[in-house]
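Asker:
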Amino acid sequence: MAGMAVGLDGRVCVDTHMRSSCYGGYKRGQCVRPLFGAVTKSECCCANPEYAYGEPCQPCPPQSSPEFLALCPNGGGITGDGRGKRRNINECALDPDICQNGICENMLRTYKCTCNEGFEVDLTGKNCIDIDECLMNRHLCENGLCRNTPGSFTCQCPKGYRFDPDTDVCEDVNECDSSPCINGDCVNSLGSFVCLCSVGSSLDSTKLECIETTKSTCWLKIINNRCEVNINGATLKSHCCSTLGEAWGSPCAKCEKDPICGKGYGRVRGNTCEDVDECQIFPGVCINGKCVNTQGSFFCQCPPGMTVDVSGRMCIGGWSGYYQITLQFIRRSVVIGGFKHNKVIMEAVFALPVLK
């Protein structure tokens, strides 16, 4: 047989091929995956009959063929030197990539693969195959979608969730931590959140911003837990509570200090502080005078001869247009039917107009 000769013991054929290239496979008439270094044909083909050898390259003989039995008389994984000495073939050195996704360990006549994390050895012990973690553990990527990848897996979490590498599940994101609601309260829910507005406000089209829309009664004072003096029956809460009002609404509720805007400034939309025009919001706020708006406040401008009182909202001085009425009680004696009687008579005395 070409390339073979009888060994020194006269009982076996030895490989007399010169060293040449060994290939990791033969596909569609071509040798593929050339291995490192030059070896004899028996070192190549006895390691794996699916290899190919030589220049020009030819596939190794099938394992059950007479050529293979002559080339590998000691079976696979063993080569001889013609003097009766057998030598184990180191498949790991011959093909460093023989254990893809694992580490090759040479053994007598064969080898085994120790697989990397995410892979497991097949029944032959010579191939590392991917572990489908998604199939093995149904709890992976809980609340999301598990996708297997070579040696691992990935989690695709829906909106409102994020992957936690410690638990390997999609956990809910608390969107309220980033304070997304403007002028409203944030309430977290699984995978989402909702903004809640206070009484008198409603969400805008973005569902993130509360805008005041409801008008109700603005109360000037709270006396003995009762709201007194209605100064305007149709006022936005921020306009009322940032200016003259102590309470708002019906039933009324005590105004709370705005944490963002100062006195005289209201938040009708979002967190923008805007000057409240008291003169427009509260018509007639200046009694007997003219209201003049200023940034964050207002003042009453009085006619000539009149001045503003201590409340700052009434002009006094000059004729008020009112009269003083005095009631007098007088005891008199009257004669009725020949007898004297004492009577108390009430008389009203009208005085001239007085100054206020």
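Position one of the sequence shown corresponds to residue 34 (my numbering), numbered consecutively onward.
Note that beta-carbon positions come from the ideal geometry of N, C-alpha and C, so glycine has one too.
1) Who are the near neighbours of I111 in its chain, counting only those whose CB is closer than 8 Å to its CB and skipping five residues on each side?
2) Out of I314, T157, V202, C161, which has the shortest C-alpha to C-alpha gap to E175?
3) Out of C90, G109, E88, which one is the CA nearest neighbour of S98?
4) Do the CB positions of G184 and F226 come within less than 7 Å of each other?
5) Just the C-alpha distance for V262 and G233, rounded to the nearest angstrom, thanks.
6) Among all the DSSP beta bridges, which residues are the ones paired with D165?
7) Cα separation between L127 and A85?
8) Assign F186 to one of two classes, buried (16 or more other C-beta atoms within 10 Å of its C-beta) or exposed (fewer than that).
9) Taking the Cβ atom as the reference point for each residue, do G161 and C146 lie within a distance shorter than 7 Å?
10) What residues match up with K296 in a beta bridge as DSSP calls it?
11) Identify whether V382 lies in helix, strand or coil by the three-state DSSP scheme.
12) What's the call for S271, buried or exposed, on a 16-neighbour Cβ count within 10 Å?
13) Whose C-beta lies closer than 7 Å to the C-beta of S53 among residues of the same chain, with five residues either side of it excluded?
14) Tell me the residue span of the beta strand (DSSP E) that contains E9.
15) If you run the structure through DSSP and keep just helix, strand and coil, what is D310?
16) Assuming K326 and C335 are in contact, meaning their beta carbons sit under 8 Å apart, how far apart are those beta carbons, in whole angstroms?
17) Among N257, G224, L253, N207, which residue has its Cα nearest to the Cα of S344?
18) Measuring CA to CA, which of D237, S222, G282 is closest to T250?
19) Kindly list the residues whose CB is nearer than 7 Å to the CB of F331, restricted to its own chain and excluding five residues on each side of it in sequence; keep chain order.
20) Spell out the partners DSSP gives F226 in its beta bridges.
21) Could you say which of Y194, D155, T268, R259 lies nearest to A286 if we only look at CA atoms?
22) In the DSSP assignment, the alpha helix (DSSP H) including F101 goes from what residue to what residue?
Answerer: Considering the structure as presented:
1) As a working note, residue 111 is residue 78 in the sequence shown. Only C79, C105, R119, R120, N121, I122, R142 meet the Cβ criterion.
2) As a first step, residue 175 is located in the sequence shown; it is residue number 142 there, counting from the start. Measuring from the Cα of E175, the nearest candidate turns out to be V202.
3) Here residue 98 is taken as the residue at index 65 of the sequence shown, counted from 1. When only C-alpha atoms are compared, the closest one is G109.
4) As a working mapping, residue 184 is identified with position 151 in the sequence shown. As a working mapping, residue 226 is identified with position 193 in the sequence shown. The answer is no: Cβ separation not under 7 Å.
5) Taking the sequence shown and counting its residues from 1, one reaches residue 262 at position 229. Taking the sequence shown and counting its residues from 1, one reaches residue 233 at position 200. Using only the alpha carbons, I get a separation of about 21 Å.
6) As a first step, residue 165 is located in the sequence shown; it is residue number 132 there, counting from the start. DSSP output for D165 lists no bridge partner at all.
7) Taking the sequence shown and counting its residues from 1, one reaches residue 127 at position 94. Taking the sequence shown and counting its residues from 1, one reaches residue 85 at position 52. Cα to Cα, the separation comes out at about 13 Å.
8) Your numbering for residue 186 matches position 153 in the sequence shown. So F186 counts as buried.
9) In the sequence shown, residue 161 corresponds to position 128, counting from 1. In the sequence shown, residue 146 corresponds to position 113, counting from 1. According to the sequence provided, residue 161 is Cys. The question's Gly does not apply to it. Going by C-beta atoms, C161 is nearer than 7 Å to C146.
10) Your numbering for residue 296 matches position 263 in the sequence shown. Beta-bridge pairing links K296 to no other residue.
11) Numbered from 1 along the sequence shown, position 349 holds the residue referred to as residue 382. Its pLDDT being 43, under 50, V382 is placed unreliably by the model, and nothing is read from it.
12) Within the sequence shown, residue 271 is the residue found at index 238, counting from 1. Buried.
13) Residue mapping note: residue 53 aligns to position 20 of the sequence shown, counting from 1. Cβ neighbours of S53 beyond the five flanking positions: A71, Y86, G87, E88.
14) A question about residue 9 goes unanswered here, because the residues of the chain that appear run from 34 up to 389.
15) Counting from one through the sequence shown, the residue named residue 310 turns up at place 277. Looking at D310 - three-state DSSP - the assignment turns out to be coil, as it is neither helix nor strand.
16) Numbered from its first residue, the sequence shown carries residue 326 at position 293. Numbered from its first residue, the sequence shown carries residue 335 at position 302. Reading the sequence as shown, one finds Asn at residue 326 and not Lys. With 8 Å as the limit, N326 and C335 do not qualify as a contact, their Cβ atoms being about 16 Å apart.
17) Here residue 344 refers to the residue found at position 311 of the sequence shown. Among N257, G224, L253, N207, the Cα nearest to that of S344 is on L253.
18) In the sequence shown, residue 250 corresponds to position 217, counting from 1. Ranking D237, S222, G282 by Cα distance to T250 puts G282 first.
19) Along the sequence shown, one-based indexing puts residue 331 at 298. Closer than 7 Å at Cβ, skipping near neighbours: E311, C312, C324, V325.
20) As a position in the sequence shown, residue 226 is number 193, starting the count at 1. Looking at the DSSP assignment, F226 forms a beta bridge with N221.
21) Your numbering for residue 286 matches position 253 in the sequence shown. When each option's Cα is compared against that of A286, the closest is R259.
22) On the sequence shown, position 68 is the one that residue 101 refers to. Unbroken alpha helix (DSSP H) run through F101: 99-104.
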